[in-house]
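Everything below concerns the one structure shown next.
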Amino acid sequence: MTRAPDILCIGSVLWDVIGRANLHMTVGSDVPGRITRIPGGVALNIAMTLARFGLRPALLSSVGRDSQGDELLAECRALGLDTDHVYLSEDLPTDRYMAIEGVNGLIAAIADAHSLEAAGKKILRPLIDGPLGTADAPYPGAVALDGNLTESLLSEIADAPAFAAADLRIAPASPGKALRLMPFLRAGRGTLYVNLEEAGLLCQQTFADAPEAAAALLARGASRAIVTHGGETCADGTSEGVIRACPPKVLVTRITGAGDTFMAAHIAAERAGKDRPSALSHALKAAAAYVSGDMPS
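Below you can see the structure in the form of structure tokens.
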């Protein structure tokens with residue numbers, strides 16, 4: 001019998017094309033560096049990290065029936081990820097993400113998740129009409145959801161019976177897509193994982209630090225809000241109060257995927273039974289190891 005997945009990761013599964021230079025860069029910089037292509041996308045980054053912590057994630061996404069899609073799914077399976085429920089599109093290409101990073105951080109990025117958006121509700125069929133669940137027998141486990149889905153689909157998920165029993169963990173994917181999480185804020189459902197900028201966009205104000213932002217998200221209806229702020233203090237807010245922790249100081253060698261690593265490590269820690277302070281500390285240490293290059297991509 002096939003082992004059931006420990007968690008569903010719903011959202012972008014694509015190729016990351018990352019250009020990195022060990023130099024300070026600005027707009028228009030033309031410098032030597034390294035360009036890599038690796039499996040990526042928010043949902044896939046979370047799934048890969050969860051697998052490294054011994055969990056078996058299943059992916060719900062859209063991948064093209066093309067050579068890039070075949071290669072991507074083969075890589076996913078080699079990493080121990082369940083790809084049985086991925087929607088394979090005959091007419092949509094496999095999505096891609098491209099980023100430029102310097103020693104001073106992310107310079108620019110473009111996420112081409114148009115195929116995922118076009119596939120829409122088709123990626124949710126295993127949850128809506130089996131084999132993972134139905135409206136009458138909703139999936140009862142953990143779900144990591146990213147904001148690369150369309151605003152209308154995310155709004156539908158926030159109220160959908162098929163997600164009524166799930167432990168929803170939600171990330172916006174990028175500041176440009178932060179407002180797509182508004183339905184979960186209004187519905188008071190799920191755990192929101194956002195950075196300080198994304199929290200500000202959701203609350204339409206500027207915050208001095210993560211604890212202030214977490215408290216404001218709770219006041220606006222969030223069930224739980226976990227707010228990061230790079231190398232500064234992070235916060236976890238629930239009805240029991242806001243706790244805070246500081247990440248380890250490390251030399252940053254990469255940025256893309258750090259937030260996804262943090263979220264996955266936090267989910268894995270709580271599934272292992274760690275309390276809120278311990279889970280937050282564990283996730284910050286994992287993210288620090290990732291950005292320093294000590295954790296594999």
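Mapping of the sequence shown onto UniProt numbering: residues 1 to 297, in sequence order.
Quick reminder that beta carbons are idealized off the backbone N, C-alpha and C, glycines included.
The model shown is predicted, which means the values in this text are computed figures rather than measured ones.
- Residue pairing by DSSP puts VAL63 in a beta bridge opposite LEU88.
- By the criterion of a C-beta distance shorter than 8 angstroms, TYR139 is surrounded in its chain by LEU8, LEU127, LEU132, GLY133, ALA162, PHE163, ALA165, ALA166, once the five residues flanking it on both sides are discounted.
- Residue nearest to LEU92 within the set ALA287, GLU75, SER61, ARG125 is SER61 (criterion: CA-CA distance).
- Within the region 228-294, the complete alpha helix (DSSP H) segments at least 4 residues long are 258-271, 276-292, listed from N- to C-terminus.
- Annotation: the continuous beta strand (DSSP E) that includes ARG96 extends over 96-102.
- LEU145 places its beta carbon less than 8 angstroms from that of LEU168.
- Here ILE110 is exposed. Its C-beta has fewer than 16 other C-beta atoms within 10 Å.
- Cβ neighbours of VAL17 within its own chain (closer than 8 angstroms, five residues either side excluded): ILE35, THR36, ARG37, ARG96, TYR97, MET98, ALA99.
- If you draw a straight line from the Cα of ALA171 to the Cα of HIS229, it is about 14 angstroms long.
- Where GLY105 is concerned, the enclosing beta strand (DSSP E) starts and stops at 105-112.
- Beta bridge pairing from DSSP links CYS9 with LEU59, ALA144.
- For the options ALA118, ARG220, GLY188, ALA187, the alpha carbon positioned closest to that of LEU201 is the one of ARG220.
- By the Cβ neighbour-count rule, LEU217 is buried, with 16 or more other Cβ atoms within 10 Å of its own.
- Nearest neighbour of ARG56 by Cα position, chosen from ILE46, ALA160, VAL63, turns out to be ILE46.
- With respect to the 8 angstroms criterion, VAL63 and VAL31 are not classified as neighbours on the basis of their beta carbons.
- Inclusion of ILE226 and LEU185 in the CB contact set at 8 angstroms is not warranted, their separation being larger than that value.
- A residue is called buried once 16 or more other Cβ atoms fall within 10 Å of its Cβ, and THR206, having fewer, is exposed.
- Residue nearest to THR256 within the set ALA4, LEU44, GLY28 is LEU44 (criterion: CA-CA distance).
- Annotation: the continuous beta strand (DSSP E) that includes ILE35 extends over 34-40.
- HIS266 and ALA283 do touch by the CB rule: their CB atoms are close to 4 angstroms apart, below 8 angstroms.
- CA-to-CA, the gap between VAL250 and GLY293 works out to about 10 angstroms.
- One Cα belongs to ALA78, the other to GLU71, and the distance between them is close to 11 angstroms.
- Bridge partners of TYR139 according to DSSP: none are assigned.
- The DSSP assignment places complete alpha helix (DSSP H) segments of no fewer than 4 residues inside the region 169-203 at 182-187, 196-203, in order along the chain.
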